[in-house]
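Colleague:
Numbering (our numbering), first residue to last: 1 to 230.
Shown next as structure tokens:
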């Protein structure tokens, strides 16, 4: 029995006819593609609610472990996950990397390793933490086409520089395994976030990209200011 003006899948719930699996599948695929895209704004909002740029707590200190090669590897793997500013930076890079080749990611990781080596040789430069927080603003400006993409390469080196603070004073064995774990962890995060963003690329409208860029700019500026005055 049909009613005037009623259509399949529209109108009041009690008037709707069952939808076929073929018509529901595209909706489910769209919803699943939006999930990765929604994660970054949520993380950005959580970051803005923090009082300042959270320092990446040393996993070794949290677990009360002594520096050994295996513990250094574990610490390096965990370290990018413990600093919200660095984690957001890595996730945001996946938006920039949508149109880039794989060699771009390799260049970033190599530059980050070079930054860590510089941090071991010349540690504790003033303002480094504030500069790391400000790199989020740089990513936002790149997404808005206000800055060229190459500025993110030295920005990644700066992150590597700050992440080397965790192993100052360690012997060569634990330090080397820490750097290996750090590089593997960053590579995994970049690959996973890039895969997720490519799945959600169809739903990444210019408006949404501008909103994400604005969140990154605001988050980076707030954290950098908090680090300078804190």
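Where a beta carbon is used, it is the ideal one built from N, C-alpha and C, also for glycine.
Whose CA, out of 185, 181, 100, 135, lies closest to the CA of residue 197?
Modeller: One-based indexing of the chain shown puts residue 197 at position 197. The residue with the shortest Cα to Cα distance from residue 197 is 100.
Colleague: Considering Cα atoms alone, identify which of 206, 177, 142 is closest to residue 217.
Modeller: Your numbering for residue 217 matches position 217 in the chain shown. Residue 217 has its Cα closest to that of 142, out of 206, 177, 142.
Colleague: Restricting to runs no shorter than 4 residues, where is the alpha helix (DSSP H) found entirely within the segment 74 to 152?
Modeller: Taking only runs of at least 4 residues, the alpha helix (DSSP H) segments lying wholly in the segment 74 to 152 are 84 to 96, 102 to 121, 128 to 143.
Colleague: Between residue 172 and the ligand ZN, is the CB less than 6 Å from at least one heavy atom?
Modeller: This structure lacks the ligand ZN, and indeed carries no ligand of any kind.
Colleague: Which two residues bound the contiguous alpha helix (DSSP H) that contains residue 166?
Modeller: As a first step, residue 166 must be located in the chain shown, where it is residue number 166. It is not in any alpha helix (DSSP H) - residue 166 carries neither H nor E in the DSSP assignment.
Colleague: Is it the case that the Cβ atoms of residue 221 and residue 137 are separated by a distance below 7 Å?
Modeller: Counted from its first residue, the chain shown places residue 221 at position 221. Counted from its first residue, the chain shown places residue 137 at position 137. A contact, by the Cβ cut-off of 7 Å.
Colleague: In the DSSP assignment, the alpha helix (DSSP H) including residue 174 goes from what residue to what residue?
Modeller: In the chain shown, counting from the first residue as 1, residue 174 sits at position 174. Run containing residue 174: 172 to 199, per the alpha helix (DSSP H) assignment.
Colleague: Could you check how far apart the C-beta atoms of residue 162 and residue 128 are, in whole angstroms? I think they sit under 8 Å.
Modeller: Indexing the chain shown from 1 puts residue 162 at position 162. Indexing the chain shown from 1 puts residue 128 at position 128. With 8 Å as the limit, residue 162 and residue 128 qualify as a contact, their Cβ atoms being about 5 Å apart.
Colleague: Taking residue 180 and residue 76 to be in contact with their CB atoms under 8 Å, please state how far apart those CB atoms are, rounded to whole angstroms.
Modeller: The residue labelled residue 180 in the question sits at position 180 within the chain shown. The residue labelled residue 76 in the question sits at position 76 within the chain shown. Yes, residue 180 and residue 76 are in contact; Cβ-Cβ is about 6 Å, under 8 Å.
Colleague: Tell me which residues share the same chain as residue 98 and place their Cβ nearer than 7 Å to its Cβ, disregarding the 5 neighbours each side in the sequence.
Modeller: Numbered from 1 along the chain shown, position 98 holds the residue referred to as residue 98. These residues qualify, in order along the chain: 197, 198, 201.
Colleague: Using a 10 Å radius around the Cβ and a threshold of 16 neighbouring Cβ atoms, would you call residue 51 buried or exposed?
Modeller: For the purposes of this step, residue 51 is taken as residue 51 along the chain shown, with counting starting at 1. The predicted position of residue 51 is uncertain, since its pLDDT is 42 and thus under 50; a value taken from the coordinates is nonetheless stated next. Flag for residue 51 reads exposed.
Colleague: What is the DSSP secondary structure of residue 207, counted as helix, strand or coil?
Modeller: One-based indexing of the chain shown puts residue 207 at position 207. It is helical.
Colleague: Identify which residue in 83, 67, 66, 68 has its Cα closest to the Cα of residue 185.
Modeller: Locating residue 185 in the chain shown gives position 185, counting from the first residue. For the residues 83, 67, 66, 68, the minimum Cα distance to residue 185 belongs to 83.
Colleague: What number of angstroms, rounded off, separates the C-alpha of residue 164 from the C-alpha of residue 210?
Modeller: Here the question's residue 164 lines up with position 164 in the chain shown. Here the question's residue 210 lines up with position 210 in the chain shown. For residue 164 and residue 210, the distance between alpha carbons rounds to 33 Å.
Colleague: Quick one: what does DSSP say residue 220 is sitting in, helix, strand or coil?
Modeller: Stepping through the chain shown from its first residue, residue 220 is reached at position 220. Helix.
Colleague: Just to confirm, are residue 72 and residue 174 a CB contact at a threshold of 7 Å?
Modeller: Working through the chain shown from its first residue, we reach residue 72 at position 72. Working through the chain shown from its first residue, we reach residue 174 at position 174. In contact: residue 72 and residue 174 (Cβ atoms closer than 7 Å).
Colleague: Below 8 Å on the Cβ atoms is my contact criterion, and I expect residue 189 with residue 90 to pass it. Report the Cβ-Cβ distance as a whole number of Å.
Modeller: Here residue 189 refers to the residue found at position 189 of the chain shown. Here residue 90 refers to the residue found at position 90 of the chain shown. About 5 Å separates the two Cβ atoms, so the contact holds.
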